[in-house]
Each structure stands twice: as structure tokens, then as C-alpha cells.
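Participant: Numbered continuously in numbering that gives the first Met the number 0, the sequence shown closes out at residue 250.
Yeah, the Cβ is synthetic: ideal placement off N, Cα and C, and Gly gets one too.
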Amino acid sequence: MKVLKFGGTSVGSVESIQTLLRIVKNEAALSGNPVVVLSAMSGVTNLLSKMAEKAANSEDYALYLTELETRHFAIIKTLLDVQRQNPVFTKLKIFFNELEDLLQGIFSLKELTAQTRDLVLSYGERCSAFLISKIAEQHFTETCFTDATELVKTDSNFGQARLNTELTEQLIQIFYQQKQHQVLFVTGFIGSNENGRITTLGRGGSDYTAAIFGSALNAQEIQIWTDVNGMMTADPRMVKKAFPLPELSYT
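Written as C-alpha cells, this is what we have:
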């Protein structure tokens, strides 16, 4: 079994999602059902963060919320068969309504705590993983939307939560034993504390989620799929002359 992790650009457009599904199908045919860990759509985490900050500053955030809905709904209309669309629209609308209620609360209190920020940010991964899992139902016999907040257990250090490794591995192993006949589409980046409050694992946390599942399940491989050719010397979006490193040491 392999763990495949796809970042925001891999779930950010119709074409990239189609590519993602081809990769997952090929892997399933070669070595059995993989565990697929997903980030939020490209730009969505930043969008959610901006909305939360604007709400805390008593500024209008409605246009950002509309943009969020429009991007996800456009994917549904393009990649889901018509008869499958309504339940997915309904579930995502529930997510967006919850998010709007949360933002209204931030607006009223004029306060954005680390705990509330984590809850706001969690909607990025939950929306993308749910959406991709439903699109994948058209290509696989069985798929499973897997909310990692039920499996990845952490402390209460919101924004940079530390893993409870023993409990997390136990929960993942039990869950996988029941679901290994399905292709799991897992929310990256997020977990929950002992009280069930949603936490985040820090920026780049979806890679960490993939490593957590890979370790817990003794995966053959953990594959990190990205839009750049390997590990770069710098962010290629910021440094035009950045180039791939030919090799990396462990130290």
C-alpha cells in the first residue's frame, strides 16, 4: 500500500483533478488501493485566513466567501455527472453555511483566537477532500471521505499542534482495517485535541499528514505529488533562477 499526497495546485483546477484521478487509478491497478491525502485547493487557505482577519477587523468578507463557493461549485458542475451533483452541492453548502456562521461570530466579537482560526482554516481541506472523494466515486468501486480530525489526535497547541503518536497510530490502524477495500481520501493539515476541537499541524501540514498515515500503516511508499520538479533551491514563484537539487542528505 502507498500513501499519495496531492497539494493545492493538484486539486485547484479541472485539469489537475483529472490528472490526480489518473494517477490514483494507475496506482490502484499496480499495487492496490492507495491512501490519498489532500490539501485545500490552491489559494484557499490564504483566502480563509483573509476572511477571518477581515471579520475580526469588522471588515466585509462576503466577496471572499462568494469566491470560495464559486470555485468549488464550478468543479462540481464540470466533473460530476448531473445526477450526482445535488448531494455534493448540499454538503458543501452546509460547510459554507457553518463557515459563514463562524465568521459572523468573529465579526461580532471582533476577536480571532488561534483555536477559531484553526477551525476556519479546516474548511479548506474538508471541502477539497469531500469533493474529490465524490468525483472519484465515478471511477472507483468504493471510495471513502476520511476526516482526519477523527484519527489524527494532537495537543491543544492551535496553529502548530503536536501529535499524540500512540493514539493516532492506533486509531488509523483500526480505521484502515475496516476500510482498506476502499480508496481513502483524507483531509491533510488538520487534527483534533482530546476534546475534539479542531487543530492544525502548521503550514505544510498535509505532507505531515501523509507521513503520519504512512508510518501508522507501514506504507511501502509515501509519494508527495507537486507542481515543481523536485526539491528546489528556493520558491520558484519568488526566485526565477531557482533550480532542482540533484540530491539531499539526511543531515
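1. Go through the stretch 2-74 residue by residue and report every complete run of the alpha helix (DSSP H) that reaches 4 residues or more, in order.
2. Mind checking which residues open and close the alpha helix (DSSP H) that includes Gln114?
3. Let me know if Arg116 comes out buried or exposed under the rule of 16 or more other beta-carbons within 10 Å of its beta-carbon.
4. Rounded to whole angstroms, what's the CA-CA distance from Ala27 to Lys178? Just pull it up for me.
5. Give the DSSP bridge partners of Pro243, in chain order.
6. In the DSSP assignment, find the alpha helix (DSSP H) that holds Gln181 and state where it starts and stops.
7. What does the alpha-carbon distance come out to for the pair Ala39 and Gln172?
8. Any idea what DSSP makes of Phe157, helix, strand or coil?
9. Hey, would you say Leu200 sits closer than 7 angstroms to Ala241, going by beta carbons?
10. Glu220 and Lys1 - do their beta-carbons sit closer together than 7 angstroms?
11. Using beta-carbon positions only, say whether Leu183 and Cys143 come within less than 7 angstroms of one another.
12. Beta-carbon within less than 7 angstroms of Thr44's beta-carbon, same chain only, minus the 5 sequence neighbours each way: which residues are those?
13. Is it buried or exposed, Thr186, if we count other Cβ atoms within 10 angstroms and call 16 or more buried?
14. Taking only beta-carbon atoms, is Asp146 less than 7 angstroms away from chain C?
15. Can Leu4 and Val36 be called in contact, C-beta distance under 7 angstroms?
16. Starting from Gln222, follow the beta strand (DSSP E) in both directions and report where the run begins and ends.
17. Determine the direct distance from the alpha carbon of Gln103 to that of Lys24, and round the result to whole angstroms.
18. Starting from Gly213, trace the alpha helix (DSSP H) both ways and give me its first and last residue.
Facilitator: By the coordinates alone:
1. Within the stretch 2-74, the complete alpha helix (DSSP H) runs of at least 4 residues fall at 13-30 and 43-55.
2. That run of the alpha helix (DSSP H) goes Ala113 to Ala135.
3. buried
4. 15 angstroms
5. Met231
6. Premise fails: Gln181 is in no alpha helix (DSSP H) and is neither H nor E.
7. Straight-line Cα distance between these residues: approximately 25 angstroms.
8. coil
9. Judged by their CB atoms, Leu200 and Ala241 are not nearer to each other than the 7 angstroms cut-off.
10. yes
11. Yes.
12. Leu120 and Gly123
13. Classification of Thr186: buried, given that the 10 Å Cβ count is 16 or more.
14. Among the chains of the structure shown, chain C does not appear; only one protein chain is present.
15. It should be noted that the sequence gives Lys, not Leu, for residue 4. Yes, they are a contact pair.
16. Glu220 to Trp224
17. 41 angstroms
18. Gly204 to Ala215
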